[in-house]
Amino acid sequence: MSQTAFDDELSELTPSRPLWLMTLADLALLLVGFFVLLEANRQLDPRVIARAVSAGLGVEPPPLAVAAQIVPGFERGSARVPTDTNALVAWARTELRDPRVALRVSGATDDSTSDVDPATGSAALLATDRARAVAAALSAAGVPIERTQISNADAGTRPARQVLITLAFVGEEGTR
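Residue numbers (the UniProt record's numbering): 1 to 176.
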């Protein structure tokens, strides 16, 4: 094959449009597709989408709280249980007879600079210590704590030097 014949074939293979124009057309088509997708999903409820994603990822919804008790009056920087827990123990013992319920013990602080763990300066650690102290008092009084979860108070909770004990319906053993 001669050089001129090769050049003639090569000139037939060169694109008729510049490469930047093809790239721009591809981007424009992707942008149109994105807007079509947005418009198609406009009617979907965000909560429905969140539930579908949670179900797809295997995330279980939090148990439904049906009753609550509060242990108030903790001193600043202290995790010592301030009140008599006999009424709380009686309530927890009675409610935990039902195998479909569980306790959640959530500690909290008042968000002040003095209401922190003395050793570490951490409010979160003090809140956890308060919850643990209440759970230990329940356990020492004979309350079964196998179905008890210890945590810090949720972000939406009003700051206070307290421990919140919630009774949650978790369902039958085989359905969890």
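Ideal Cβ placement from N, Cα and C applies to all residues, glycine included. Because the structure is a prediction, the values reported are computed rather than measured.
Classify R176: buried if its beta carbon has 16 or more other beta carbons within 10 angstroms, exposed otherwise. The residue labelled residue 176 in the question sits at position 176 within the sequence shown. Its pLDDT being 49, under 50, R176 is placed unreliably by the model, and the measurement read from it follows with that caveat. Burial call: exposed.
Look up Q69 in the DSSP assignment and give the residues it is bridged to. Taking the sequence shown and counting its residues from 1, the one referred to as residue 69 is at position 69. I165.
Taking 8 Å as the cut-off, does the segment 43–59 touch the segment 74–94 (at least 3 CB pairs, one atom from each stretch)? Because the criterion of three Cβ pairs below 8 Å is not met, the segment 74–94 and the segment 43–59 do not touch.
Output the distance between the C-alpha atoms of D115 and T109, rounded to the nearest integer angstrom. Residue 115 sits at position 115 when you count from the first residue of the sequence shown. Residue 109 sits at position 109 when you count from the first residue of the sequence shown. Roughly 6 Å separates the two Cα atoms.
Using 8 Å for Cβ pairs, my map puts A102 next to R147. What's the rounded Cβ distance? In the sequence shown, residue 102 corresponds to position 102, counting from 1. In the sequence shown, residue 147 corresponds to position 147, counting from 1. At roughly 4 Å, the Cβ-Cβ gap stays under 8 Å, so A102 and R147 are in contact.
Go through the segment 94–144 residue by residue and report every complete run of the beta strand (DSSP E) that reaches 3 residues or more, in order. Qualifying beta strand (DSSP E) stretches, in chain order: 101–107.
When you compare only the Cα positions, how much space is there between P62 and F169? Walking along the sequence shown from the start, residue 62 turns up at place 62. Walking along the sequence shown from the start, residue 169 turns up at place 169. Cα to Cα, P62 sits roughly 10 Å from F169.
Please state the DSSP three-state secondary structure of S151. Translated into the one-based positions of the sequence shown, residue 151 becomes position 151. Reduced to three states, the DSSP call for S151 is strand.
Please determine, among Q149, Q162, A92, the residue with the shortest C-alpha to C-alpha distance to V143. By 1-based counting over the sequence shown, the position of residue 143 is 143. Comparing Cα positions, the closest option is A92.
Using DSSP with H/G/I as helix, E/B as strand and the rest coil, what is R44? Here residue 44 is taken as the residue at index 44 of the sequence shown, counted from 1. Note on identity: in this sequence residue 44 is Leu, with Arg being the wrong assignment. Look at L44 here: in three-state DSSP terms it is coil, with no helix or strand label.
Return the CA-CA distance between G121 and L138, expressed in angstroms with no decimal places. Working through the sequence shown from its first residue, we reach residue 121 at position 121. Working through the sequence shown from its first residue, we reach residue 138 at position 138. Straight-line Cα distance between these residues: approximately 27 Å.
Rounded to the nearest angstrom, what separates R42 and S54 at their Cα positions? For the purposes of this step, residue 42 is taken as residue 42 along the sequence shown, with counting starting at 1. For the purposes of this step, residue 54 is taken as residue 54 along the sequence shown, with counting starting at 1. Rounded to the nearest angstrom, the gap between the Cα atoms of R42 and S54 is 20 Å.
Classification of V71 by the beta-carbon crowding that lies within 10 angstroms, buried from 16 upward: Counting from one through the sequence shown, the residue named residue 71 turns up at place 71. Classification for V71: buried.
What distance in whole Å lies between the Cβ atoms of R104 and Q149, which are believed to be in contact at a cut-off of 8 Å? For the purposes of this step, residue 149 is taken as the residue at position 149 of the sequence shown. For the purposes of this step, residue 104 is taken as the residue at position 104 of the sequence shown. With a Cβ gap of about 5 Å, Q149 and R104 count as contacting.
Buried or exposed: which applies to D117, given that a residue is buried once 16 or more other Cβ atoms fall within 10 Å of its Cβ? Along the sequence shown, one-based indexing puts residue 117 at 117. Flag for D117 reads buried.
Within a Cβ cutoff of 7 Å, which residues of the same chain sit near V59, ignoring the five residues on either side of it in sequence? Mapped onto the sequence shown, residue 59 falls at position 59. Once the five neighbours on either side are set aside, V59 has no close Cβ partner at all.
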